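Residue numbers (our numbering): 9 to 144. To keep things clear, I will list the structure first and then write my remarks on it.
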């Protein structure tokens with residue numbers, strides 16, 4: 009589990025700062041908090057340790073294996089789904105958990121149509137995502 013807290017501090021902006029007319033017109037852009045979280049899980053499957061039983065040490069091993077009697081071969085393999093999903097990481101996450109809107113900013117980019125500085129804020133709102141990483 010990973011939780012990230014973003015804080016963007018407030019600042020004063022000068023409104024319509026294209027040409028100064030002798031009067032300071034300022035607007036306070038409020039500080040903003042954004043929360044992101046993600047949950048990851050990695051699937052790691054270990055192959056069987058004992059491919060063939062060892063006489064005298066294993067529960068299923070024969071005490072004496074002679075020339076007349078060969079030990080049966082033990083297949084070494086994991087199920088197909090374990091081979092496919094081995095070393096795979098699944099991640100589920102959400103950006104801007106509470107759906108906070110960016111604060112209004114009117115001076116940036118001459119009061120653009122979106123009403124907030126696009127270089128500081130991402131106006132996607134709440135955004136869910138799923139990711140899968142497979143390592144070979």
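We put the CB at the ideal spot given by N, CA and C, even for glycine. What you are looking at is a predicted structure, and each value in this text was computed from that prediction instead of being measured.
Buried versus exposed call for residue i [16 or more other C-beta atoms within 10 Å across all chains shown]
i, result
"residue 110", "buried"
"residue 129", "buried"
"residue 113", "buried"
"residue 49", "exposed"
"residue 104", "buried"
Collapsed DSSP secondary structure at residue i in the structure displayed
i, result
"residue 136", "strand"
"residue 93", "helix"
For residue j and residue i, the rounded distance between their alpha carbons
i, j, result
"residue 88", "residue 55", "12 Å"
"residue 142", "residue 95", "6 Å"
"residue 14", "residue 90", "38 Å"
"residue 36", "residue 133", "22 Å"
"residue 12", "residue 30", "43 Å"
"residue 19", "residue 33", "14 Å"
"residue 100", "residue 137", "6 Å"
"residue 45", "residue 97", "16 Å"
"residue 43", "residue 102", "9 Å"
"residue 106", "residue 139", "21 Å"
"residue 38", "residue 125", "13 Å"
"residue 41", "residue 135", "16 Å"
"residue 53", "residue 131", "41 Å"
"residue 21", "residue 108", "21 Å"
Cβ separation of residue i and residue j, assumed to be a contact under 8 Å, to the nearest whole Å
i, j, result
"residue 93", "residue 51", "5 Å"
"residue 86", "residue 47", "The Cβ separation is near 26 Å, so there is no contact."
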